[in-house]
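Report on one structure; see the data block that follows.
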Amino acid sequence: DVKVTQSSRYLVKRTGEKVFLECVQDMDHENMFWYRQDPGLGLRLIYFSYDVKMKEKGDIPEGYSVSREKKERFSLILESASTNQTSMYLCASSLVGRYTGELFFGEGSRLTVL
Amino acid sequence: QKEVEQNSGPLSVPEGAIASLNCTYSDRGSQSFFWYRQYSGKSPELIMFIYSNGDKEDGRFTAQLNKASQYVSLLIRDSQPSDSATYLCAVKAVTGNQFYFGTGTSLTVIP
Numbered sequence: 030d031v032k033v034t035q036s037s038r039y040l041v042k043r044t045g046e047k048v049f050l051e052c053v054q055d056m057d058h059e060n061m062f063w064y065r066q067d068p069g070l071g072l073r074l075i076y077f078s079y080d081v082k083m084k085e086k087g088d089i090p091e092g093y094s095v096s097r098e099k100k101e102r103f104s105l106i107l108e109s110a111s112t113n114q115t116s117m118y119l120c121a122s123s124l125v126g127r128y129t130g131e132l133f134f135g136e137g138s139r140l141t142v143l
Numbered sequence: 015q016k017e018v019e020q021n022s023g024p025l026s027v028p029e030g031a032i033a034s035l036n037c038t039y040s041d042r043g044s045q046s047f048f049w050y051r052q053y054s055g056k057s058p059e060l061i062m063f064i065y066s067n068g069d070k071e072d073g074r075f076t077a078q079l080n081k082a083s084q085y086v087s088l089l090i091r092d093s094q095p096s097d098s099a100t101y102l103c104a105v106k107a108v109t110g111n112q113f114y115f116g117t118g119t120s121l122t123v124i125p
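Chains as they are written, first to last, in our numbering: chain A, 30 to 143; chain B, 15 to 125.
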């Protein structure tokens with residue numbers, strides 16, 4: 030069974046803290062993504078990676094960075110957490126290809142920044 | 015930014031009825047279209063994808079694509095209370111590997 034695992038389901042952090050969200054997939058997928066989901070705004074892409082050490086900005090990269098040192102692992106980093114980063118964070122992976130593209134999602138990490 | 019638009023709902027249908035969910039997209043060159051279902055508190059899961067104009071059926075679900083009009087729809091026949099969820103339309107970018115999501119339509123099937 031395919032699996033995308035996010036390290037933490039629920040986190041509570043304080044403003045200014047550095048936050049790491051980890052994501053691991055076991056499907057040997059080239060592409061990995063980080064989204065945030067907020068009511069009324071849907072899923073918004075933060076960053077994605079199409080290969081090890083490669084990354085591209087999505088629609089809302091400000092305040093975030095990412096790391097992909099191994100194919101199976103994609104980390105999202107909040108350098109200095111702020112209250113407007115309180116959200117549900119979803120990691121996903123997919124195969125490369127023009128017509129392929131099913132996204133497999135992790136269970137999500139709900140982050141609260143106080 | 016590529017736009018994907020959905021009616022947010024909520025959409026309510028009685029059990030056994032047909033639920034119709036619609037989605038429009040702005041990038042005329044888009045090739046791949048997906049419908050995800052998301053239960054409350056859960057992550058999205060794929061229920062249908064479609065690449066070609068016309069209809070694609072899978073059990074009680076039918077995806078319809080009209081590239082000329084830039085819309086894609088999802089029909090759920092014989093709706094069940096277990097179909098109550100938010101349905102997300104996603105469009106894959108023409109270049110690169112990005113996916114663009116609509117904000118989702120909330121569906122409630124009333125027993």
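Beta carbons are placed, not taken as given, at the ideal position from N, Cα and C, and that holds for glycine.
- Beta bridge pairing from DSSP links B/Pro28 with B/Ile124.
- In terms of Cβ geometry, B/Lys70 and B/Ile64 form a close pair [threshold 7 Å].
- Cβ proximity to chain A below 8 Å picks out Leu102, Ala104, Lys106, Gly110, Asn111 and Gln112 from the stretch 99–112 of chain B.
- A/Lys99 sits exposed, since fewer than 16 C-beta atoms from the chains shown fall within 10 Å of its C-beta.
- Secondary-structure assignment with DSSP links B/Glu71 through a beta bridge to B/Thr76.
- Excluding residues up to 5 positions away in sequence, Val41 and Thr115 lie with their Cβ nearer than 6 Å to the Cβ of A/Thr141 in the same chain.
- Residues are counted here when their Cβ sits less than 7 Å from a Cβ of chain B; for the stretch 39–71 of chain A these are Asn60, Gly69, Leu70 and Gly71, given in chain order.
- Considering only B/Gln45, B/Thr122 and B/Pro28, the residue with the shortest C-alpha distance to B/Ala82 is B/Gln45.
- In the DSSP assignment, A/Tyr93 falls within the unbroken beta strand (DSSP E) covering Tyr93 to Lys99.
- A/Ile75: member of the beta strand (DSSP E) spanning Gly71 to Asp80, first to last residue.
- Any Cβ of chain B closer than 7 Å to the Cβ of A/Phe134 would place that residue at the interface, and such an atom is present.
- Scanning its chain for C-beta atoms nearer than 6 Å, with the 5 sequence neighbours on each side dropped, one finds around A/Glu51 the residues Ser36 and Ser104, in chain order.
- Closer than 7 Å to the CB of A/Gly92 there is not a single CB belonging to chain B.
- Per DSSP, the unbroken beta strand (DSSP E) holding B/Met62 starts and ends at Glu59 to Ile64.
- DSSP, reduced to helix, strand and coil, places B/Asn36 within a strand of the structure shown.
- The beta carbons of A/Leu70 and B/Thr76 sit about 28 Å from each other, so the pair does not count as a contact at 8 Å.
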